[in-house]
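Peer 1: Numbering (our numbering), first residue to last: 19 to 461. Glycine included, C-beta positions come from ideal geometry on N, C-alpha and C. Quick caveat: nothing in here was measured; it's all calculated off a predicted structure.
Structure, rendered in C-alpha coordinates:
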(Lines of atoms letter the chains of each structure in order from A; the text may use other names.)
(Lines give C-alpha, C1' and ligand atoms only; values in the text may rest on other atoms or scores of the structure.)
Protein backbone atom coordinates (compact mmCIF):
# COMPACT_ATOMS: atom_id res chain seq x y z
CA UNK A 19 0.00 0.00 0.00
CA UNK A 20 1.32 3.43 -0.90
CA UNK A 21 0.07 7.02 -0.38
CA UNK A 22 -1.95 8.50 -3.19
CA UNK A 23 -1.21 11.78 -4.91
CA UNK A 24 -3.97 13.48 -2.89
CA UNK A 25 -2.40 12.47 0.42
CA UNK A 26 1.04 13.61 -0.70
CA UNK A 27 -0.36 17.00 -1.76
CA UNK A 28 -2.01 17.54 1.64
CA UNK A 29 1.18 16.53 3.42
CA UNK A 30 3.23 18.87 1.25
CA UNK A 31 0.85 21.79 1.99
CA UNK A 32 0.89 21.20 5.74
CA UNK A 33 4.65 20.74 5.70
CA UNK A 34 5.10 24.02 3.82
CA UNK A 35 2.82 25.82 6.29
CA UNK A 36 4.78 24.33 9.20
CA UNK A 37 8.08 25.47 7.70
CA UNK A 38 6.75 29.02 7.23
CA UNK A 39 5.43 29.18 10.77
CA UNK A 40 8.69 27.83 12.18
CA UNK A 41 10.74 30.33 10.16
CA UNK A 42 8.60 33.24 11.38
CA UNK A 43 9.05 32.18 14.99
CA UNK A 44 12.79 31.82 14.48
CA UNK A 45 12.94 35.37 13.11
CA UNK A 46 11.13 36.68 16.17
CA UNK A 47 7.86 37.38 14.40
CA UNK A 48 4.85 36.88 16.64
CA UNK A 49 2.70 34.00 15.42
CA UNK A 50 -0.81 33.64 16.85
CA UNK A 51 -1.13 30.52 18.96
CA UNK A 52 -4.48 29.77 17.34
CA UNK A 53 -2.74 29.45 13.97
CA UNK A 54 -0.32 26.92 15.42
CA UNK A 55 -3.20 25.03 16.98
CA UNK A 56 -5.06 24.92 13.67
CA UNK A 57 -1.94 23.62 11.93
CA UNK A 58 -1.44 20.84 14.45
CA UNK A 59 -5.13 20.05 14.37
CA UNK A 60 -5.04 19.64 10.61
CA UNK A 61 -2.05 17.33 10.88
CA UNK A 62 -3.78 15.17 13.48
CA UNK A 63 -6.98 15.13 11.44
CA UNK A 64 -5.10 14.07 8.32
CA UNK A 65 -3.36 11.35 10.32
CA UNK A 66 -6.65 10.07 11.70
CA UNK A 67 -8.31 10.10 8.28
CA UNK A 68 -5.32 8.33 6.76
CA UNK A 69 -5.45 5.54 9.35
CA UNK A 70 -9.22 5.19 8.92
CA UNK A 71 -8.94 5.16 5.14
CA UNK A 72 -6.14 2.57 5.29
CA UNK A 73 -8.30 0.28 7.43
CA UNK A 74 -11.24 0.65 5.06
CA UNK A 75 -9.24 -0.11 1.92
CA UNK A 76 -7.81 -3.25 3.53
CA UNK A 77 -11.36 -4.48 4.10
CA UNK A 78 -12.48 -3.95 0.52
CA UNK A 79 -13.08 -7.22 -1.37
CA UNK A 80 -10.77 -7.83 -4.31
CA UNK A 81 -12.19 -7.70 -7.83
CA UNK A 82 -12.38 -10.97 -9.74
CA UNK A 83 -10.26 -11.34 -12.88
CA UNK A 84 -10.60 -14.01 -15.54
CA UNK A 85 -8.17 -14.11 -18.45
CA UNK A 86 -9.20 -15.21 -21.95
CA UNK A 87 -5.98 -16.45 -23.54
CA UNK A 88 -5.50 -18.36 -26.82
CA UNK A 89 -4.34 -21.91 -26.28
CA UNK A 90 -1.59 -21.48 -28.88
CA UNK A 91 0.31 -18.49 -30.20
CA UNK A 92 2.41 -18.09 -33.33
CA UNK A 93 5.99 -16.94 -32.94
CA UNK A 94 6.41 -13.27 -33.81
CA UNK A 95 2.70 -12.57 -34.35
CA UNK A 96 0.52 -10.28 -32.25
CA UNK A 97 -2.43 -11.90 -30.47
CA UNK A 98 -5.19 -10.46 -28.30
CA UNK A 99 -5.63 -11.25 -24.61
CA UNK A 100 -8.92 -10.36 -22.88
CA UNK A 101 -9.48 -9.73 -19.17
CA UNK A 102 -12.97 -10.01 -17.65
CA UNK A 103 -13.25 -8.06 -14.37
CA UNK A 104 -16.12 -7.82 -11.88
CA UNK A 105 -16.56 -6.77 -8.22
CA UNK A 106 -19.15 -6.88 -5.40
CA UNK A 107 -19.13 -3.21 -4.31
CA UNK A 108 -22.20 -1.01 -4.52
CA UNK A 109 -20.23 1.98 -5.82
CA UNK A 110 -18.20 2.44 -9.02
CA UNK A 111 -14.53 1.63 -8.59
CA UNK A 112 -11.63 3.04 -10.61
CA UNK A 113 -8.68 0.70 -10.88
CA UNK A 114 -5.38 0.27 -12.69
CA UNK A 115 -4.45 -3.22 -13.81
CA UNK A 116 -1.18 -4.75 -14.94
CA UNK A 117 -1.01 -8.35 -16.10
CA UNK A 118 2.20 -10.19 -15.24
CA UNK A 119 3.26 -11.33 -18.71
CA UNK A 120 5.94 -14.08 -18.70
CA UNK A 121 9.43 -13.36 -19.96
CA UNK A 122 9.71 -14.12 -23.66
CA UNK A 123 6.43 -12.40 -24.57
CA UNK A 124 6.35 -8.79 -25.70
CA UNK A 125 3.22 -6.78 -24.88
CA UNK A 126 1.52 -3.48 -25.53
CA UNK A 127 -1.41 -1.48 -24.04
CA UNK A 128 -0.39 -2.26 -20.44
CA UNK A 129 -1.11 -1.09 -17.75
CA UNK A 130 -4.88 -0.70 -18.19
CA UNK A 131 -7.21 1.75 -16.46
CA UNK A 132 -10.93 1.08 -16.03
CA UNK A 133 -13.96 2.09 -13.98
CA UNK A 134 -15.81 -0.95 -12.68
CA UNK A 135 -19.59 -0.59 -12.43
CA UNK A 136 -21.59 -2.48 -9.77
CA UNK A 137 -23.10 -5.70 -11.04
CA UNK A 138 -21.49 -5.39 -14.48
CA UNK A 139 -18.71 -7.28 -16.21
CA UNK A 140 -15.90 -5.07 -17.51
CA UNK A 141 -13.81 -6.32 -20.40
CA UNK A 142 -10.28 -5.07 -21.02
CA UNK A 143 -7.70 -6.20 -23.54
CA UNK A 144 -4.08 -5.97 -24.56
CA UNK A 145 -1.81 -7.68 -27.07
CA UNK A 146 1.13 -10.03 -26.77
CA UNK A 147 3.78 -11.10 -29.27
CA UNK A 148 5.95 -14.16 -28.56
CA UNK A 149 9.69 -13.66 -28.95
CA UNK A 150 10.54 -17.33 -28.50
CA UNK A 151 8.84 -20.70 -28.67
CA UNK A 152 7.86 -22.88 -25.76
CA UNK A 153 5.37 -23.21 -22.91
CA UNK A 154 4.42 -20.04 -21.00
CA UNK A 155 2.45 -19.70 -17.76
CA UNK A 156 0.52 -16.65 -16.57
CA UNK A 157 0.10 -16.57 -12.80
CA UNK A 158 -0.91 -13.15 -11.46
CA UNK A 159 -2.69 -9.92 -12.27
CA UNK A 160 -1.67 -6.80 -10.36
CA UNK A 161 -4.45 -4.34 -9.43
CA UNK A 162 -4.02 -0.89 -7.88
CA UNK A 163 -7.08 -0.43 -5.67
CA UNK A 164 -7.88 3.13 -4.48
CA UNK A 165 -9.12 3.71 -0.92
CA UNK A 166 -12.65 5.10 -0.35
CA UNK A 167 -11.30 8.57 0.50
CA UNK A 168 -8.61 8.43 -2.15
CA UNK A 169 -5.71 8.75 0.30
CA UNK A 170 -4.14 5.34 -0.35
CA UNK A 171 -3.54 2.97 -3.25
CA UNK A 172 -3.26 -0.70 -2.38
CA UNK A 173 -1.50 -3.10 -4.70
CA UNK A 174 -3.05 -6.56 -4.80
CA UNK A 175 -1.87 -9.65 -6.65
CA UNK A 176 -4.79 -11.70 -7.90
CA UNK A 177 -4.34 -15.32 -8.92
CA UNK A 178 -5.18 -15.78 -12.59
CA UNK A 179 -3.42 -18.96 -13.70
CA UNK A 180 -3.36 -19.70 -17.43
CA UNK A 181 -0.92 -21.24 -19.86
CA UNK A 182 -0.29 -21.19 -23.58
CA UNK A 183 2.07 -22.73 -26.10
CA UNK A 184 4.06 -20.77 -28.65
CA UNK A 185 4.47 -22.62 -31.93
CA UNK A 186 6.54 -21.66 -34.94
CA UNK A 187 4.81 -19.24 -37.28
CA UNK A 188 3.91 -22.29 -39.34
CA UNK A 189 1.28 -23.08 -36.67
CA UNK A 190 -1.25 -21.15 -38.77
CA UNK A 191 -1.39 -24.25 -41.01
CA UNK A 192 -2.31 -26.28 -37.95
CA UNK A 193 -5.19 -23.87 -37.29
CA UNK A 194 -6.45 -24.37 -40.84
CA UNK A 195 -6.24 -20.71 -41.79
CA UNK A 196 -4.54 -21.11 -45.16
CA UNK A 197 -6.19 -21.52 -48.52
CA UNK A 198 -5.22 -24.25 -50.93
CA UNK A 199 -1.61 -25.37 -50.61
CA UNK A 200 -0.84 -24.57 -54.24
CA UNK A 201 -1.90 -20.95 -53.80
CA UNK A 202 0.09 -20.63 -50.62
CA UNK A 203 3.21 -22.18 -52.17
CA UNK A 204 2.95 -19.81 -55.13
CA UNK A 205 2.80 -16.86 -52.73
CA UNK A 206 6.16 -17.96 -51.33
CA UNK A 207 7.66 -17.98 -54.80
CA UNK A 208 8.03 -21.74 -54.99
CA UNK A 209 8.60 -22.98 -58.52
CA UNK A 210 7.34 -26.36 -59.69
CA UNK A 211 9.39 -27.99 -62.45
CA UNK A 212 7.74 -30.01 -65.13
CA UNK A 213 8.23 -33.75 -64.87
CA UNK A 214 10.75 -35.38 -67.18
CA UNK A 215 9.23 -38.58 -68.50
CA UNK A 216 6.80 -40.46 -66.26
CA UNK A 217 6.41 -41.18 -62.59
CA UNK A 218 7.30 -44.45 -60.99
CA UNK A 219 3.95 -45.90 -59.86
CA UNK A 220 1.40 -47.45 -62.23
CA UNK A 221 -1.94 -45.62 -62.08
CA UNK A 222 -4.26 -46.94 -64.80
CA UNK A 223 -4.72 -48.06 -68.43
CA UNK A 224 -6.33 -45.69 -70.89
CA UNK A 225 -6.63 -45.08 -74.62
CA UNK A 226 -3.50 -43.94 -76.40
CA UNK A 227 -3.54 -40.17 -76.93
CA UNK A 228 -1.64 -37.85 -79.19
CA UNK A 229 1.57 -36.83 -77.48
CA UNK A 230 1.99 -40.07 -75.51
CA UNK A 231 5.30 -41.87 -75.74
CA UNK A 232 5.52 -45.23 -77.50
CA UNK A 233 7.08 -46.61 -74.34
CA UNK A 234 3.71 -46.11 -72.62
CA UNK A 235 1.93 -48.58 -74.89
CA UNK A 236 0.80 -51.77 -73.14
CA UNK A 237 1.10 -54.28 -75.97
CA UNK A 238 -0.84 -57.06 -74.26
CA UNK A 239 -3.79 -54.77 -73.56
CA UNK A 240 -3.52 -53.35 -77.08
CA UNK A 241 -3.76 -56.87 -78.53
CA UNK A 242 -6.80 -57.69 -76.39
CA UNK A 243 -8.70 -54.51 -77.25
CA UNK A 244 -7.36 -54.26 -80.79
CA UNK A 245 -6.74 -50.55 -80.15
CA UNK A 246 -3.70 -48.68 -78.78
CA UNK A 247 -3.78 -48.77 -74.97
CA UNK A 248 -1.31 -46.72 -72.90
CA UNK A 249 -0.14 -47.07 -69.36
CA UNK A 250 -0.56 -44.00 -67.15
CA UNK A 251 1.81 -43.47 -64.27
CA UNK A 252 1.80 -41.14 -61.28
CA UNK A 253 4.43 -39.85 -58.91
CA UNK A 254 5.39 -42.18 -56.10
CA UNK A 255 3.48 -41.34 -52.93
CA UNK A 256 5.08 -43.69 -50.43
CA UNK A 257 8.44 -42.04 -49.88
CA UNK A 258 9.92 -41.32 -46.47
CA UNK A 259 11.57 -38.04 -45.50
CA UNK A 260 13.58 -37.61 -42.31
CA UNK A 261 14.98 -34.30 -41.12
CA UNK A 262 18.28 -34.34 -39.26
CA UNK A 263 18.08 -31.01 -37.49
CA UNK A 264 21.19 -29.48 -35.98
CA UNK A 265 20.33 -27.91 -32.61
CA UNK A 266 23.91 -26.95 -31.74
CA UNK A 267 25.65 -23.66 -31.14
CA UNK A 268 26.25 -22.87 -34.79
CA UNK A 269 22.50 -22.47 -35.26
CA UNK A 270 22.26 -19.65 -32.70
CA UNK A 271 23.21 -16.91 -35.16
CA UNK A 272 20.59 -14.20 -35.53
CA UNK A 273 19.28 -12.73 -38.79
CA UNK A 274 16.46 -10.32 -38.00
CA UNK A 275 14.06 -11.33 -35.24
CA UNK A 276 14.56 -15.08 -35.75
CA UNK A 277 17.63 -17.18 -35.14
CA UNK A 278 19.02 -19.54 -37.75
CA UNK A 279 17.53 -22.38 -35.74
CA UNK A 280 14.03 -20.92 -35.97
CA UNK A 281 14.44 -20.37 -39.71
CA UNK A 282 15.63 -23.98 -40.10
CA UNK A 283 12.72 -25.28 -38.06
CA UNK A 284 10.23 -23.29 -40.14
CA UNK A 285 11.79 -24.66 -43.31
CA UNK A 286 11.48 -28.24 -42.04
CA UNK A 287 7.82 -27.69 -41.17
CA UNK A 288 7.12 -26.17 -44.56
CA UNK A 289 8.63 -29.12 -46.41
CA UNK A 290 6.84 -31.51 -44.03
CA UNK A 291 3.49 -29.96 -44.83
CA UNK A 292 4.16 -30.18 -48.57
CA UNK A 293 5.43 -33.77 -48.39
CA UNK A 294 2.48 -34.94 -46.28
CA UNK A 295 0.11 -33.41 -48.81
CA UNK A 296 1.97 -35.35 -51.50
CA UNK A 297 1.36 -38.62 -49.63
CA UNK A 298 4.88 -39.09 -48.26
CA UNK A 299 5.87 -39.94 -44.69
CA UNK A 300 7.77 -37.41 -42.58
CA UNK A 301 9.97 -37.91 -39.53
CA UNK A 302 12.49 -35.97 -37.45
CA UNK A 303 15.77 -36.61 -35.65
CA UNK A 304 17.60 -33.90 -33.72
CA UNK A 305 21.20 -33.83 -32.56
CA UNK A 306 23.48 -31.56 -30.53
CA UNK A 307 20.54 -30.69 -28.29
CA UNK A 308 20.00 -30.99 -24.55
CA UNK A 309 17.19 -33.49 -25.08
CA UNK A 310 17.55 -35.21 -28.50
CA UNK A 311 14.20 -36.07 -30.04
CA UNK A 312 13.21 -38.63 -32.62
CA UNK A 313 9.95 -38.96 -34.51
CA UNK A 314 9.52 -41.95 -36.80
CA UNK A 315 8.28 -41.23 -40.34
CA UNK A 316 4.48 -41.46 -40.62
CA UNK A 317 2.09 -40.53 -43.42
CA UNK A 318 -1.10 -38.51 -43.08
CA UNK A 319 -1.94 -34.88 -42.35
CA UNK A 320 -2.21 -35.70 -38.65
CA UNK A 321 1.57 -36.16 -38.58
CA UNK A 322 1.96 -32.38 -38.88
CA UNK A 323 0.11 -31.97 -35.59
CA UNK A 324 2.43 -34.51 -33.96
CA UNK A 325 5.48 -32.80 -35.43
CA UNK A 326 4.42 -29.37 -34.21
CA UNK A 327 3.85 -30.64 -30.68
CA UNK A 328 7.26 -32.36 -30.78
CA UNK A 329 9.28 -29.29 -31.76
CA UNK A 330 7.32 -26.28 -30.44
CA UNK A 331 9.54 -25.97 -27.35
CA UNK A 332 12.73 -27.17 -29.02
CA UNK A 333 15.66 -24.76 -28.75
CA UNK A 334 19.28 -24.49 -29.75
CA UNK A 335 22.06 -25.40 -27.32
CA UNK A 336 25.73 -24.64 -26.71
CA UNK A 337 26.83 -28.13 -27.80
CA UNK A 338 28.97 -28.72 -30.90
CA UNK A 339 27.52 -30.72 -33.77
CA UNK A 340 28.46 -34.42 -33.62
CA UNK A 341 27.69 -35.60 -37.15
CA UNK A 342 29.16 -39.07 -36.64
CA UNK A 343 27.06 -39.77 -33.56
CA UNK A 344 23.91 -38.40 -35.19
CA UNK A 345 24.38 -40.57 -38.30
CA UNK A 346 25.05 -43.67 -36.18
CA UNK A 347 21.81 -43.18 -34.24
CA UNK A 348 19.77 -42.55 -37.38
CA UNK A 349 21.13 -45.61 -39.19
CA UNK A 350 20.21 -47.75 -36.19
CA UNK A 351 16.63 -46.43 -36.20
CA UNK A 352 15.86 -45.99 -39.91
CA UNK A 353 16.24 -49.21 -41.88
CA UNK A 354 14.13 -48.36 -44.90
CA UNK A 355 15.62 -46.13 -47.60
CA UNK A 356 14.57 -42.50 -47.14
CA UNK A 357 15.41 -38.97 -48.14
CA UNK A 358 17.47 -37.58 -45.24
CA UNK A 359 17.61 -33.79 -45.12
CA UNK A 360 20.52 -32.65 -42.95
CA UNK A 361 19.80 -29.06 -41.92
CA UNK A 362 22.84 -27.33 -40.44
CA UNK A 363 25.26 -24.45 -40.90
CA UNK A 364 28.37 -25.79 -42.56
CA UNK A 365 31.75 -24.43 -41.49
CA UNK A 366 35.19 -24.94 -42.96
CA UNK A 367 36.25 -27.05 -39.95
CA UNK A 368 33.56 -29.64 -40.82
CA UNK A 369 35.50 -30.95 -43.79
CA UNK A 370 36.60 -34.49 -42.89
CA UNK A 371 34.13 -35.33 -40.12
CA UNK A 372 31.08 -34.27 -42.11
CA UNK A 373 32.27 -35.94 -45.30
CA UNK A 374 32.80 -39.31 -43.57
CA UNK A 375 29.44 -39.13 -41.81
CA UNK A 376 27.49 -38.16 -44.93
CA UNK A 377 29.18 -40.88 -47.01
CA UNK A 378 28.09 -43.47 -44.42
CA UNK A 379 24.57 -42.14 -44.53
CA UNK A 380 24.53 -42.05 -48.32
CA UNK A 381 25.23 -45.78 -48.57
CA UNK A 382 21.69 -46.49 -47.41
CA UNK A 383 19.72 -43.26 -47.93
CA UNK A 384 19.36 -40.35 -50.33
CA UNK A 385 21.03 -37.39 -48.60
CA UNK A 386 20.44 -33.68 -48.98
CA UNK A 387 22.67 -31.30 -47.02
CA UNK A 388 20.88 -27.98 -46.47
CA UNK A 389 23.20 -25.27 -45.20
CA UNK A 390 22.27 -21.79 -44.02
CA UNK A 391 24.20 -18.85 -45.44
CA UNK A 392 24.58 -15.84 -43.14
CA UNK A 393 23.08 -12.65 -44.53
CA UNK A 394 25.64 -10.62 -42.58
CA UNK A 395 28.45 -12.19 -44.61
CA UNK A 396 26.69 -11.37 -47.87
CA UNK A 397 26.25 -7.76 -46.80
CA UNK A 398 29.88 -7.52 -45.72
CA UNK A 399 31.07 -8.93 -49.02
CA UNK A 400 29.03 -6.38 -50.98
CA UNK A 401 30.05 -3.36 -48.87
CA UNK A 402 32.62 -1.06 -50.55
CA UNK A 403 36.04 -1.13 -48.88
CA UNK A 404 37.27 2.29 -47.73
CA UNK A 405 39.92 1.63 -45.08
CA UNK A 406 42.30 -1.04 -43.79
CA UNK A 407 39.94 -2.60 -41.16
CA UNK A 408 37.20 -2.93 -43.77
CA UNK A 409 39.70 -4.49 -46.18
CA UNK A 410 40.75 -7.04 -43.55
CA UNK A 411 37.11 -7.86 -42.79
CA UNK A 412 36.37 -8.25 -46.51
CA UNK A 413 39.36 -10.55 -47.09
CA UNK A 414 38.46 -12.67 -44.05
CA UNK A 415 34.86 -13.00 -45.26
CA UNK A 416 35.90 -14.01 -48.77
CA UNK A 417 38.39 -16.56 -47.42
CA UNK A 418 35.71 -18.02 -45.13
CA UNK A 419 33.17 -18.26 -47.96
CA UNK A 420 35.72 -19.83 -50.29
CA UNK A 421 36.53 -22.50 -47.70
CA UNK A 422 32.83 -23.25 -47.31
CA UNK A 423 32.40 -23.43 -51.10
CA UNK A 424 35.27 -25.92 -51.26
CA UNK A 425 33.48 -28.12 -48.72
CA UNK A 426 30.30 -27.95 -50.78
CA UNK A 427 32.23 -28.98 -53.89
CA UNK A 428 33.77 -31.96 -52.09
CA UNK A 429 30.34 -33.12 -50.94
CA UNK A 430 28.96 -32.75 -54.46
CA UNK A 431 31.92 -34.64 -55.89
CA UNK A 432 30.97 -37.61 -53.69
CA UNK A 433 27.41 -37.59 -55.03
CA UNK A 434 25.79 -35.66 -52.17
CA UNK A 435 23.20 -33.02 -52.98
CA UNK A 436 24.01 -29.68 -51.31
CA UNK A 437 21.62 -26.75 -50.94
CA UNK A 438 22.84 -23.41 -49.62
CA UNK A 439 20.28 -20.68 -48.94
CA UNK A 440 19.68 -17.63 -46.84
CA UNK A 441 17.69 -18.35 -43.67
CA UNK A 442 14.49 -16.70 -44.87
CA UNK A 443 14.67 -18.48 -48.26
CA UNK A 444 15.54 -21.98 -47.05
CA UNK A 445 11.93 -23.21 -46.87
CA UNK A 446 11.05 -22.20 -50.41
CA UNK A 447 14.31 -23.62 -51.77
CA UNK A 448 13.78 -26.96 -50.03
CA UNK A 449 10.24 -27.33 -51.36
CA UNK A 450 11.34 -26.33 -54.86
CA UNK A 451 14.05 -29.00 -54.86
CA UNK A 452 11.73 -31.62 -53.34
CA UNK A 453 8.98 -31.03 -55.91
CA UNK A 454 11.56 -31.12 -58.71
CA UNK A 455 12.89 -34.48 -57.55
CA UNK A 456 9.34 -35.72 -57.06
CA UNK A 457 8.34 -34.84 -60.59
CA UNK A 458 11.50 -36.32 -62.04
CA UNK A 459 11.22 -39.52 -60.03
CA UNK A 460 14.62 -38.95 -58.42
CA UNK A 461 13.63 -39.66 -54.79
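Got a sec, what are the start and stop residues for the beta strand (DSSP E) residue 140 sits in?
Peer 2: 140-148
Peer 1: In the DSSP assignment, what residue or residues form a beta bridge with residue 90?
Peer 2: 183
Peer 1: Quick one: measure Cβ to Cβ for residue 132 and residue 149, integer angstroms, because I've assumed they're closer than 8 Å.
Peer 2: With a Cβ gap of about 27 Å, residue 132 and residue 149 do not count as contacting.
Peer 1: Can the beta-carbon of residue 145 be found closer than 8 Å to that of residue 96?
Peer 2: yes
Peer 1: Return yes when at least one heavy atom of the ligand ZN lies under 7 Å from the C-beta of residue 258, else no.
Peer 2: Although the ligand ZN was asked about, the structure shown includes no ligands whatsoever.
Peer 1: Return helix, strand or coil for residue 127, following the three-state DSSP convention.
Peer 2: It is coil, neither helix nor strand.
Peer 1: So what does DSSP say about residue 406, is it helix, strand or coil?
Peer 2: Correct three-state label for residue 406: helix.
Peer 1: Taking buried to mean at least 16 other C-beta atoms within 10 Å of its own C-beta, is residue 77 buried or exposed?
Peer 2: Answer is exposed; the Cβ neighbour count stays below 16.
Peer 1: Would you list the residues sitting across from residue 436 in a DSSP beta bridge?
Peer 2: Looking at the DSSP assignment, residue 436 forms a beta bridge with 387.
Peer 1: How many Å lie between residue 24 and residue 310 at the Cα?
Peer 2: In this structure, the alpha-carbon of residue 24 lies about 59 Å from that of residue 310.
Peer 1: Tell me whether the beta-carbon of residue 361 lies closer than 8 Å to the beta-carbon of residue 263.
Peer 2: yes
Peer 1: Where does residue 43 sit, in a helix, a strand or coil, going by DSSP?
Peer 2: helix
Peer 1: Taking the continuous alpha helix (DSSP H) assigned at residue 162, which residues delimit it?
Peer 2: Looking at the DSSP string, residue 162 is not in any alpha helix (DSSP H); the run it does join, the beta strand (DSSP E), is 152-164.
Peer 1: Could you spell out where the alpha helix (DSSP H) holding residue 226 opens and where it closes?
Peer 2: Per DSSP, residue 226 lies in no alpha helix (DSSP H) segment and is marked neither H nor E.
Peer 1: How many Å lie between residue 381 and residue 425 at the Cα?
Peer 2: Approximately 19 Å between the Cα atoms of the pair.
Peer 1: In whole angstroms, what is the alpha-carbon distance linking residue 64 and residue 175?
Peer 2: 28 Å
Peer 1: Exposed or buried, what is residue 363 when buried is set at 16 or more other beta-carbons lying within 10 Å of its beta-carbon?
Peer 2: buried
Peer 1: Is there contact here, the segment 321-340 with the segment 258-278, by at least three beta-carbon pairs under 8 Å?
Peer 2: yes
Peer 1: Tell me the residue span of the beta strand (DSSP E) that contains residue 301.
Peer 2: 299-305
Peer 1: DSSP state of residue 174, grouped into three classes?
Peer 2: Looking at residue 174 - three-state DSSP - the assignment turns out to be strand.
Peer 1: Is the beta carbon of residue 141 closer than 8 Å to that of residue 4?
Peer 2: The structure shown does not extend to residue 4, since the chain is modelled only from 19 through 461, so no value can be given for it.
Peer 1: At which residues does the beta strand (DSSP E) containing residue 356 begin and terminate?
Peer 2: Counting along the chain, residue 356 sits inside no beta strand (DSSP E), nor does DSSP assign it H or E at all.
Peer 1: Check each candidate in 61, 147, 43 and 338 and name the one with the smallest Cα separation from residue 27.
Peer 2: 61
Peer 1: Quick one: measure Cβ to Cβ for residue 185 and residue 92, integer angstroms, because I've assumed they're closer than 8 Å.
Peer 2: Confirmed, about 6 Å.
Peer 1: What separation, rounded to the nearest whole angstrom, lies between the Cα atoms of residue 10 and residue 412?
Peer 2: For residue 10 there is no data in the structure shown, the boundaries of the chain being 19 and 461.
Peer 1: Rounding to the nearest angstrom, what Cα-Cα distance links residue 384 and residue 123 in this structure?
Peer 2: 40 Å
Peer 1: For residue 246 and residue 297, I'd like the C-alpha separation in whole angstroms.
Peer 2: 31 Å
Peer 1: Give me the residue from 320, 405 and 283 with the minimum Cα distance to residue 441.
Peer 2: 283
Peer 1: Return the bridge partner residues of residue 235 from the DSSP annotation.
Peer 2: Beta-bridge pairing links residue 235 to 248.
Peer 1: Give me whichever residues DSSP pairs with residue 21 in a beta bridge.
Peer 2: 170
Peer 1: On the three-state DSSP scale, how would you describe residue 84?
Peer 2: In the structure shown, residue 84 sits in a strand (DSSP, three-state: E or B).
Peer 1: Name the residue from 377, 235 and 295 whose alpha carbon lies nearest to the alpha carbon of residue 456.
Peer 2: Ranking 377, 235 and 295 by CA distance to the CA of residue 456 puts 295 first.
Peer 1: Give every residue of the same chain whose Cβ lies closer than 7 Å to the Cβ of residue 74, excluding the five residues on either side of it in the sequence, and list them in chain order.
Peer 2: 165 and 166
Peer 1: Pick out whichever of 388, 428 and 407 has its Cα sitting closest to the Cα of residue 451.
Peer 2: 388
Peer 1: Considering only C-alpha positions, which residue in the set 373, 89 and 111 is nearest to residue 182?
Peer 2: When only C-alpha atoms are compared, the closest one is 89.
Peer 1: What does DSSP give as the partner residue(s) for residue 114 in the beta ladder?
Peer 2: 131 and 162
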